[in-house]
Amino acid sequence: MRCIQERWWAPPGRVRAGGWRGEPERGVDRMSGWQIDQAKLDQVGQLLTACQDVSNHEAHLLALKMLEEHTKVHPDFGCYLLVVFCKMPSAPAPLRHLAGIQLKNAIKERRMKEPELTYIRTEITNALGDSENTLRRTAAQIVTTICGRHDVPARVPNNQPLQDWDGLLPGLLQMLNSGSEAHVEGAMSTLRLLFEDHTDQLCVEGLAVTLQAIVARLVQFLQAPQARQRADAIYCVRMLILPMPNALVVHLNDFLRALLGLSKDPSPEVRKEICIALCILAACKADFLA
């Protein structure tokens with residue numbers, strides 16, 4: 000993509016940045032030929048700041064309208080939202096969160112296409128280990144939204160966005176093994192959404208080996224000291240019970256033993272997940288309990 004020279008819009012008189020100005024970290028120009036224009040980045044910051052300022056209702060609505068319009072008209076507008084969200088850790092967390100939400104909506108509503116989506120895929124996983132839980136969850140939502148974009152041409156048969164995303168699942172597995180609480184929680188949040196929204200894509204033959212490794216690691220997380228991680232692990236694995244891929248079959252006995260070992264877990268959320276998992280098995284896959 001060539002360097003952009005033209006201005007997108009003239010800064011509106013009543014939309015002001017409120018003193019916010021951020022400098023991106025180095026190394027954000029990985030998309031071939033694309034370079035950040037600081038003036039445009041500042042304007043994005045002005046709009047995001049105005050969107051948060053509800054004290055000026057007129058400016059607030061104008062900024063929201065401009066954000067929506069420019070994500071429709073300018074292909075790389077979402078890349079600037081990503082820079083604010085992922086590459087500017089010193090910016091206020093609410094501002095970064097708003098940038099992430101706007102980016103997710105632009106992807107979901109198919110206002111972003113290639114090659115911009117390739118750039119988003121390259122960078123977004125960095126935010127899964129952010130120190131802010133809200134930002135980790137927003138990054139997870141962006142990941143699963145991209146995986147739902149079946150309109151984007153893929154290199155694999157049947158246009159499977161998840162399988163076409165090189166390194167995503169191995170990267171999530173690496174995060175689960177990192178020992179970093181933030182990275183583990185970011186990976187868990189992402190896997191919860193992927194297992195919930197894209198189970199069919201996870202169960203394709205091309206991902207069988209990686210899925211089996213992830214299931215094995217999730218079963219181990221049933222012994223994690225954090226109740227949230229135990230509940231998330233059960234949730235992810237139980238989403239595979241109905242399709243019952245071989246990745247779960249080979250670990251099913253270990254999963255069942257771990258579930259029964261948690262029957263007196265002190266966490267209500269964990270006990271609820273255990274009950275749901277066992278009920279699904281009893282109702283739909285009773286032969287596996289024999």
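For the sequence shown, counting from 1, position 123 maps to 122 in numbering that gives the first Met the number 0; every step adds exactly one. The C-beta atom is built at its ideal place from N, Cα and C for all residues, glycine as well. Since the structure is predicted, the reported quantities are computational estimates derived from the model, not experimental observations.
- For my contact list, Gly128 and Ala181 are in at a C-beta cut-off of 8 Å; report their separation, rounded to the angstrom. Contact holds; Cβ gap of about 5 Å.
- Query: How is the alpha helix (DSSP H) around Glu268 delimited, first residue to last?
  - Reply: Its alpha helix (DSSP H) spans residues 267 to 283.
- Answer with buried or exposed for Gly299, where buried requires no fewer than 16 other C-beta atoms within 10 angstroms of its C-beta. Shown here, the chain extends from 0 to 289; a query on residue 299 therefore has no answer.
- Can you give me the start and stop residues for the alpha helix (DSSP H) that Arg216 sits inside? Per DSSP, Arg216 belongs to the alpha helix (DSSP H) from 207 to 219.
- Message: Arg237 and Ala276 - do their beta-carbons sit closer together than 8 Å?
- Response: Result yes, Cβ atoms of Ala276 and Arg237 sit closer than 8 Å.
- Task: Within the same chain, show all residues whose beta-carbon is closer than 6 Å to that of Phe220, passing over the 5 residues directly before and after it, in chain order.
- Result: Correct list, in chain order: Gln228, Ala232.
- Query: What is the DSSP secondary structure of Gly170, reduced to helix, strand or coil?
  - Reply: The answer is helix: DSSP assigns Gly170 an H, G or I state.
- Query: Does DSSP classify Cys146 as helix, strand or coil?
  - Reply: Coil at Cys146, not helix or strand.
- Message: With H, G and I counted as helix, E and B as strand and the rest as coil, what does DSSP make of His96?
- Response: In the three-state scheme derived from DSSP, where H, G and I count as helix and E and B as strand, His96 is classed as helix.
- Message: What residue range does the alpha helix (DSSP H) around Asp75 cover?
- Response: Counting along the chain, Asp75 falls outside any alpha helix (DSSP H), and DSSP gives it neither H nor E.
- Taking C-alpha atoms, which residue in Leu193, Glu67, Asp165, Met187 lies nearest to Leu175? Out of Leu193, Glu67, Asp165, Met187, Met187 has the C-alpha closest to the C-alpha of Leu175.
- Item | Limits of the unbroken alpha helix (DSSP H) element including Leu40 | Unbroken alpha helix (DSSP H) run through Leu40: 37 to 51.
- CA-CA distance, Gln159 and Arg148? For Gln159 and Arg148, the distance between alpha carbons rounds to 9 Å.
- When you compare each of Ile123, Leu66, Leu116 to Val151 by their alpha carbons, which one comes out closest? Of the listed residues, the one whose Cα sits closest to Val151 is Leu116.
- Query: In terms of residues, what are the limits of the alpha helix (DSSP H) holding His182?
  - Reply: 180 to 196 is the extent of the alpha helix (DSSP H) around His182.
- Query: Assuming Leu144 and Thr189 make a contact with CB atoms under 8 Å, what is their CB distance in whole Å?
  - Reply: According to the sequence as given, residue 144 is Thr; it is not Leu. Between the beta-carbon of Thr144 and that of Thr189 there is about 11 Å, and that puts the pair past the 8 Å contact cut.
- Return the CA-CA distance between Lys284 and Ser266, expressed in angstroms with no decimal places. Rounded to the nearest whole angstrom, the CA to CA distance from Lys284 to Ser266 is 26 Å.
- Message: For Met87, tell me which candidate among Leu167, Glu113, His73, Leu134 has the shortest Cα-Cα distance.
- Response: It is Leu134.
- Query: Excluding five sequence neighbours on each side, which residues of the same chain lie with their C-beta closer than 8 Å to the C-beta of Ser179?
  - Reply: Excluding positions up to five away in sequence, the list reads Gly128.
- Just tell me which of Leu239, Ser177, Leu171 has its CA closest to the CA of Leu201. The option with the nearest alpha carbon to Leu201 is Leu239.
- Task: May I have the straight-line CA-CA distance separating Cys278 from Leu241, to the nearest angstrom?
- Result: The straight-line gap from Cα to Cα measures roughly 12 Å.
- Task: Return the chain-ordered list of same chain residues with a C-beta closer than 7 Å to the C-beta of Leu192, the five sequence neighbours on each side being excluded.
- Result: Excluding its 5 nearest sequence neighbours in each direction, Leu192 has C-beta neighbours in its own chain below 7 Å: Ala139, Gln140, Thr143, listed in chain order.
- Grab me the residues of Ala230's own chain with a C-beta within less than 7 Å of its C-beta, minus the 5 sequence neighbours each way, in chain order. Non-local C-beta neighbours of Ala230 in its own chain, meaning closer than 7 Å and more than five positions away in sequence, comprise Ser266, Glu268, Val269, Glu272, ordered along the chain.
- Do you know how far the Cα of Val183 is from the Cα of Ile123? Rounded to whole angstroms, the separation of the alpha carbons of Val183 and Ile123 is 16 Å.
- Query: Taking Cβ positions, are His59 and Cys50 nearer each other than 8 Å?
  - Reply: Cβ atoms of His59 and Cys50: closer than 8 Å.
- Are there 16 or more other CB atoms within 10 angstroms of the CB of Gln37, so buried, or fewer, so exposed? Exposed, since its Cβ has fewer than 16 Cβ neighbours within 10 Å.
- What residue range is occupied by the uninterrupted alpha helix (DSSP H) comprising Pro160? Per DSSP, Pro160 belongs to the alpha helix (DSSP H) from 160 to 163.
- Going straight from the alpha carbon of Arg95 to that of Val43, what length do you get? Rounded to the nearest angstrom, the two C-alpha atoms are 11 Å apart.
- Query: Should Ala105 be labelled buried (16 or more other beta-carbon atoms within 10 Å of its own) or exposed?
  - Reply: That one is buried.
- Between Leu97 and the rest of its own chain, which residues show a CB-CB distance below 7 Å, the 5 nearest in sequence each way excluded? Hits under 7 Å: Leu47, Cys50, Gln51.
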